[in-house]
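Per this note's numbering, residue 12 is the first one in the sequence shown, and the count goes up by one each step.
Think of the CB as a built atom: it goes at the ideal place given N, C-alpha and C, for glycine as much as any other residue.
Nothing here was measured: the structure is a model prediction, and the numbers come from that model.
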Amino acid sequence: MFDISVPWWELVVRGLVVYVFLIALLRLTGKRQIGQLSPFDLVLLLILSNAVQNSMNAGDNSLIGGLISASTLVAVNYLVGLITFKSKKLEAIIDGRPQILIHDGNLYEEVMNEAKLTRQELDSTLRQSGYFEIKDIKLAILENNGSVTVQGYDKK
Numbered sequence: 012m013f014d015i016s017v018p019w020w021e022l023v024v025r026g027l028v029v030y031v032f033l034i035a036l037l038r039l040t041g042k043r044q045i046g047q048l049s050p051f052d053l054v055l056l057l058i059l060s061n062a063v064q065n066s067m068n069a070g071d072n073s074l075i076g077g078l079i080s081a082s083t084l085v086a087v088n089y090l091v092g093l094i095t096f097k098s099k100k101l102e103a104i105i106d107g108r109p110q111i112l113i114h115d116g117n118l119y120e121e122v123m124n125e126a127k128l129t130r131q132e133l134d135s136t137l138r139q140s141g142y143f144e145i146k147d148i149k150l151a152i153l154e155n156n157g158s159v160t161v162q163g164y165d166k167k
């Protein structure tokens, strides 16, 4: 239970590599994937966690090995949060920047394509905000977390 079959530092390195790989992979899939998980996206994340388990623990199923791996992931996550807080350049690389989807009733299709956001998903978000037509939208912004902030024209 307490005997680990690989050196402790190897568990740390493996955890770090898997963390960086998954962050990069999820970052490449776009903001929509993170902020608006469909049932398929949730299943994918669960399967991913199982798929990378052995690459992190090198077959070590000891209690200590699991605690080292978990501690490594939490520490790396904390450090990434600290780094993005201190460096706006790294924050933009890791977290991305908000993007304008609609401005003065004009839809920016290239932003939607880049974010892999479908028209149906956008329309659903607009309806949830109380707007049914793009011409009624003054500004719609795709936030870093995948949500969409909508501001319509004041109705007089």
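Asked, Found
"Residue interval of the alpha helix (DSSP H) (run including LYS99)", "99 to 106"
"Neighbourhood of ILE34 by C-beta, 8 Å cutoff - its chain only, sequence neighbours within 5 removed", "VAL91 and ILE105"
"Alpha helix (DSSP H) runs wholly inside the segment 50 to 132, at least 4 long, in chain order", "50 to 68, 74 to 97, 99 to 106 and 120 to 126"
"Neighbourhood of ASP14 by C-beta distance below 7 Å, restricted to the same chain and skipping five residues each side", "SER73"
"Alpha carbon of GLY54 to alpha carbon of SER60, nearest angstrom", "Note on residue identity: the sequence assigns Val, not Gly, to residue 54. Cα to Cα, VAL54 sits roughly 10 Å from SER60."
"Exposure of TYR142, with buried meaning 16 or more beta-carbon neighbours within 10 Å", "buried"
"Buried or exposed (CB count within 10 angstroms, at least 16 for buried), ILE113", "buried"
"Separation of MET12 from TRP20, as counted between CA atoms", "18 Å"
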